[in-house]
Amino acid sequence: MSVPTPRPASVTTVDALVVGAGLAGLYMLHRLRGQGLDTVVVEAGDGVGGTWYWNRYPGARCDVESLEYSYSFSAELEQEWDWTEKYPTQPEILRYVEHVADRFGLRDGVRLSTTVTAARYDDARGRWHVTTDAGDAYDAEQLIMATGCLSVAKTPEVPGTDTFAGRTFHTGHWPHEPVDFTGRRVAVIGTGSSGIQTIPLIAEQAAELTVFQRTPNFSMPASNRPLDPAEQAARKQDYPAHREAARTSGFGVPVEAATQSALEVSDDERDARYEAAWGVNLVGLLSSYTDTIVDRAANDTAAEFVRRKIRATVQDPEVAEALSPRDHPFGTKRPCLDTNYYATYNRDHVHLVDLRATPLAEITPRGVRTSEREYEVDDLVFATGFDAMTGALLRIDVVGRDGATLRDRWADGPTTNLGLQVAGFPNLWMITGPGSPSVLSNMMVSIEQHVDFVADCLAFAHGRGETVVESTPEAETEWTEHVRVAGEATLYPQANSWYMGSNVPGKPRRFMAYIGGVGAYRQHCDDLAARGYPGFVFSSPRVPEPA
Ligand code: N01
Numbered sequence: 001m002s003v004p005t006p007r008p009a010s011v012t013t014v015d016a017l018v019v020g021a022g023l024a025g026l027y028m029l030h031r032l033r034g035q036g037l038d039t040v041v042v043e044a045g046d047g048v049g050g051t052w053y054w055n056r057y058p059g060a061r062c063d064v065e066s067l068e069y070s071y072s073f074s075a076e077l078e079q080e081w082d083w084t085e086k087y088p089t090q091p092e093i094l095r096y097v098e099h100v101a102d103r104f105g106l107r108d109g110v111r112l113s114t115t116v117t118a119a120r121y122d123d124a125r126g127r128w129h130v131t132t133d134a135g136d137a138y139d140a141e142q143l144i145m146a147t148g149c150l151s152v153a154k155t156p157e158v159p160g161t162d163t164f165a166g167r168t169f170h171t172g173h174w175p176h177e178p179v180d181f182t183g184r185r186v187a188v189i190g191t192g193s194s195g196i197q198t199i200p201l202i203a204e205q206a207a208e209l210t211v212f213q214r215t216p217n218f219s220m221p222a223s224n225r226p227l228d229p230a231e232q233a234a235r236k237q238d239y240p241a242h243r244e245a246a247r248t249s250g251f252g253v254p255v256e257a258a259t260q261s262a263l264e265v266s267d268d269e270r271d272a273r274y275e276a277a278w279g280v281n282l283v284g285l286l287s288s289y290t291d292t293i294v295d296r297a298a299n300d301t302a303a304e305f306v307r308r309k310i311r312a313t314v315q316d317p318e319v320a321e322a323l324s325p326r327d328h329p330f331g332t333k334r335p336c337l338d339t340n341y342y343a344t345y346n347r348d349h350v351h352l353v354d355l356r357a358t359p360l361a362e363i364t365p366r367g368v369r370t371s372e373r374e375y376e377v378d379d380l381v382f383a384t385g386f387d388a389m390t391g392a393l394l395r396i397d398v399v400g401r402d403g404a405t406l407r408d409r410w411a412d413g414p415t416t417n418l419g420l421q422v423a424g425f426p427n428l429w430m431i432t433g434p435g436s437p438s439v440l441s442n443m444m445v446s447i448e449q450h451v452d453f454v455a456d457c458l459a460f461a462h463g464r465g466e467t468v469v470e471s472t473p474e475a476e477t478e479w480t481e482h483v484r485v486a487g488e489a490t491l492y493p494q495a496n497s498w499y500m501g502s503n504v505p506g507k508p509r510r511f512m513a514y515i516g517g518v519g520a521y522r523q524h525c526d527d528l529a530a531r532g533y534p535g536f537v538f539s540s541p542r543v544p545e546p547a
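Per my numbering, the sequence shown starts with residue 1, numbered consecutively.
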């Protein structure tokens with residue numbers, strides 16, 4: 001007996017469907033509406049904000065400065081919004097996103113609590129048929145994935161993760177109500193940016209905190225502080241020039257360009273320079289010398305500088321050594337900014353378990369078992385990261401022309417044209433997709449650039465009376481090769497990082513971001529636009545829509 005295919009309750013016809021109501025999706029909605037396109041955003045959460053909606057763990061804060069990590073598309077918005085701290089907390093950023101949604105009248109374009117499950121391209125009509133878990137469907141000319149680079153949370157691949165009898169949390173899916181750890185025995189698994197931010201705060205409350213670390217990370221002091229009103233006013237006056245400097249920079253944050261190799265200066269001079277960069281921002285230490293990210297010996301000088309700082313802070317030499325990264329070059333896993341992270345290990349009730357020495361074996365009903373022993377805890381916090389960059393895209397069953405699936409196309413790793421499109425998937429766009437500078441940059445700078453590129457490209461197509469935009473296979477191959485060569489010229493591939501897909505068993509190991517810098521990337525995109533978008537083909541559907 002055949003089972004009838006469920007019919008969607010309703011099909012909504014739109015010009016553009018955007019998936020995700022984070023910073024990228026909301027700006028995309030604003031831009032496309034501005035071009036007169038009927039646009040809807042579908043969002044899995046029950047509120048807007050994306051990353052800043054989900055990651056509510058104690059200590060969650062952006063490690064790009066608030067005056068940098070904000071939209072630049074509206075001078076009025078820039079002037080009217082006041083930030084309170086150098087590095088904004090998650091609640092403050094969420095308030096900002098909500099303000100933007102209200103300020104630009106975006107909320108009525110967002111369908112909340114709706115997860116896209118599948119998208120199938122209809123070649124004859126040049127449109128996407130998109131289905132959701134809410135049982136409804138969309139018929140969209142353009143499908144824009146603003147699904148985020150770090151939005152699919154992952155838990156450790158050990159037995160028993162669902163057997164724990166106490167409370168379980170994941171930093172990437174934190175409850176909306178405050179969680180009280182007072183008097184409790186807490187385990188945190190994972191010491192990436194999320195773990196490093198949350199561990200000091202959980203330690204403030206917990207009776208016992210045990211941190212399970214597989215790989216130590218390089219972390220630098222955030223030196224967070226309230227924002228001085230005069231400093232904020234000065235930046236607001238200088239915003240146009242400052243934003244321009246960010247757009248043409250490497251990481252999307254203006255820093256003085258390095259001119260020397262780390263190996264051509266004396267130890268004292270180098271240390272003085274590192275000391276001056278210490279605690280200033282995320283990218284200063286990495287950008288101090290021209291060769292930090294391409295030459296292992298140069299990189300070792302920065303890595304050893306950080307390790308010295310760890311030894312100077314952590315009183316127990318064995319703990320200090322366990323916290324000192326030696327398996328990967330500095331910066332090749334995303335460096336972290338922290339507040340009191342290393343000093344937290346000087347507290348008597350905070351314990352570090354080195355999973356390299358005693359690997360994680362299983363989660364039990366009572367706690368965490370390593371190869372050595374069981375640790376009984378009341379609460380278990382997974383700070384174990386995400387299926388990054390491709391996870392959210394491949395969760396959706398995306399079927400392009402001739403029945404080709406994105407999952408098959410990317411079986412050996414993602415290939416894209418500019419991180420924006422994949423050949424054979426016309427009218428499908430990614431914001432900060434694999435192959436774009438995305439996670440190697442201030443995301444706000446990359447998001448705005450991508451959204452503007454897509455919106456401008458669609459305006460160009462529509463201006464010619466065409467509705468189908470597709471990358472050529474040649475452009476995709478050429479760009480993917482360029483991304484590979486750029487990555488392999490650096491030390492990044494030496495780390496087992498989520499940049500490389502190494503944190504997800506079975507995921508192809510490939511450096512997924514573009515290291516050429518946001519400035520160079522933008523210039524390239526602008527050149528393409530000025531030349532009529534070579535590498536993209538514009539056409540009309542074979543079967544035009546009835547008038
Ligand atoms: O995740 P991560 P995150 N057994 O993947 C460990 C952004 N972010 O959520 O390194 C034991 O970095 C894993 O160990 P290892 C930022 O871009 C930004 O912390 O794989 N351990 C690692 O220690 C960041 O890079 C901010 O050996 C396991 C940790 O879990 C990205 O999000 C704040 C394990 C995961 O670290 C992700 O950060 C927070 C296992 N089976 C995050 N599996 C800002 O401030 C994983 N681990 C802007």
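A virtual CB, placed ideally from N, CA and C, is assigned to each residue, including glycine.
Exercise. Answer yes or no: the CB of residue 246 versus the heavy atoms of ligand 1, is any distance below 7 Å?
Key: no
Quiz item: Alpha carbon to alpha carbon, what distance is there between residue 407 and residue 394?
Solution: 6 Å
Self-check item: residue 471 vs residue 417 beta-carbon contact at 8 Å
Solution: yes
Self-check item: Short Cβ contact (8 Å threshold) for residue 16 with residue 115
Solution: no
Quiz item: When the distance is taken between beta carbons, is residue 109 closer than 8 Å to residue 29?
Solution: yes
Quiz item: Run through DSSP, which three-state label would residue 265 get?
Solution: coil
Exercise. May I ask you to list the residues that DSSP assigns as paired with residue 537?
Key: 470
Practice problem: Check whether the Cβ atoms of residue 538 and residue 464 lie closer than 8 Å to each other. | Solution: yes
Quiz prompt | Simplified DSSP state of residue 200, which is helix, strand or coil | solution = helix
Self-check item: Residue from 293, 285, 227, 134 whose Cα sits closest to the Cα of residue 88
Solution: 227
Exercise. Quick one: using the 10 Å Cβ neighbour count with 16 as the cut-off for buried, is residue 246 buried or exposed?
Key: buried
Practice problem: Would you check if the distance between the CB atom of residue 187 and the CB atom of residue 41 is smaller than 8 Å? | Solution: no
Quiz item: How long is the line joining the alpha carbons of residue 523 and residue 458, rounded to whole angstroms?
Solution: 19 Å
Quiz item: Are the beta-carbon atoms of residue 293 and residue 282 separated by less than 8 Å?
Solution: no
Quiz item: According to DSSP, is residue 132 helix, strand or coil?
Solution: strand
Quiz item: Where does residue 337 sit, in a helix, a strand or coil, going by DSSP?
Solution: strand
Quiz item: Quick one: what does DSSP say residue 515 is sitting in, helix, strand or coil?
Solution: coil
Exercise. Alpha carbon to alpha carbon, how far is residue 388 from residue 366? Give it in angstroms, no decimals.
Key: 30 Å
Quiz item: Is the stretch 373-392 close to the stretch 137-154, with three or more CB pairs under 8 Å?
Solution: yes
Self-check item: Spatial distance of residue 382 from residue 179 (CA atoms)
Solution: 14 Å
Exercise. Determine the contact status of residue 494 and residue 328, defining contact as a CB-CB distance below 8 Å.
Key: yes
Practice problem: Could you give the DSSP three-state label for residue 4: helix, strand or coil? | Solution: Residue confidence for residue 4 is low, a pLDDT of 46 falling below 50, so the modelled location carries little weight and cannot support an answer.
Practice problem: May I have the straight-line CA-CA distance separating residue 97 from residue 304, to the nearest angstrom? | Solution: 39 Å
Self-check item: Coil, strand or helix - residue 450 by DSSP
Solution: helix
Practice problem: Have a look at 275, 99, 409 and flag the residue whose alpha-carbon is nearest the alpha-carbon of residue 477. | Solution: 409
Quiz item: Relative to ligand 1, is the shortest distance from any of its heavy atoms to the C-beta of residue 215 smaller than 7 Å?
Solution: yes
Quiz item: By DSSP, does residue 78 sit in helix, in strand, or in coil?
Solution: helix
Exercise. Hey, could you find the ends of the beta strand (DSSP E) residue 120 is sitting in?
Key: 116-122
Self-check item: Per-residue burial, residue 58 [other beta carbons within 10 Å of its own, 16 or more giving buried]
Solution: buried
Quiz item: Do the stretch 441-460 and the stretch 52-69 touch if we need at least three Cβ pairs shorter than 8 Å?
Solution: yes
Quiz item: Taking 7 Å as the cut-off, is the CB of residue 193 close to at least one heavy atom of ligand 1?
Solution: yes
Quiz item: Would residue 331 be called buried (16 or more neighbouring beta carbons within 10 Å of its own) or exposed?
Solution: buried
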